[in-house]
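Heads up, the sequence shown is in UniProt numbering, so the first residue is 1 and it goes up one at a time. Every residue, glycine too, gets a C-beta built ideally from N, C-alpha and C. I have placed the structure first, in the form of structure tokens, so that the comments after it can refer back to it.
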Amino acid sequence: MSTRSEEKLITLVEKQKNNLNRYNIYVNDRYVLSVHEDILVKHRLLKGEEINETKIKRVVEDEELQIIQRQAIRMISRRVKSRYELKQKLSDKGYEENLIDLTLDQLEKTKYIDDYSYALNLANHRIKYQKKGLKWIEQELSQKGISKVTMNQVIQELDKELEFKAAYQLAKKRWDLQSGQPTKKKSKISSFLMRRGFDYSLIRNIIDKIEKEEFNE
């Protein structure tokens, strides 16, 4: 039979002086843990309430999850990130992998994390403002942990005319600035565009277009 001395009771719930959203929890007159007020309310951590080790573990896990979530949201608010990037950042801070995954799952449900939108916006920005080709973009998205399925959806959604226009502007500028034989100019421009991630067939079409324009002038 258990005795009164073996019972675990919350004997004090004390608001922290320097952090008014956090509370210190004492069990049987001994400090056990501190929690955010949201966790306090969620688990009804009230003076006089009984508490056992199982509940304490749940409280600790929920507290850790909330800390990770707040940290993740702060990271996202500074710069939008993919799920993979966010997981790497949180792992670097020493949080447990299973808690990180639970947090990221929740953030995906609430659209704080949206790899498709992230990848689409990044791809459009790279094409429009940095004049990068699809191969460059695919490599960058892969490095950011974007799945093949999501990447293919993004590539299908992109405006191919925008990519053509970006490559054409780069090629035309180089063509006009360079001197020498057309064959040499074509070789240099092809190499330049390929380094920026443009596909060879696209490059071929652009050079053909420039040559025709020059011939008709």
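How about residue 43 and residue 22: do their beta carbons lie closer than 8 Å?
no
Are three or more beta carbon pairs between the segment 73-85 and the segment 105-122 nearer than 8 Å?
Touching, yes.
Whose C-beta lies closer than 6 Å to the C-beta of residue 47 among residues of the same chain, with five residues either side of it excluded?
10 and 13
Excluding the five sequence neighbours on either side, which residues of its own chain have a C-beta within less than 6 Å of the C-beta of residue 62, listed in chain order?
39
Return the CA-CA distance between residue 114 and residue 108, expressed in angstroms with no decimal places.
6 Å
From the DSSP output, which residues share a beta bridge with residue 15?
23
Where does the unbroken alpha helix (DSSP H) through residue 190 begin, and where does it stop?
Looking at the DSSP string, the run of the alpha helix (DSSP H) that includes residue 190 is 182-195.
Would DSSP call residue 142 helix, strand or coil?
helix
Leaving aside the five residues before and after residue 31 along the sequence, list all residues of the same chain whose C-beta is less than 8 Å from its C-beta, in chain order.
24 and 25
Just tell me which of 158, 204, 33 and 89 has its CA closest to the CA of residue 56.
33
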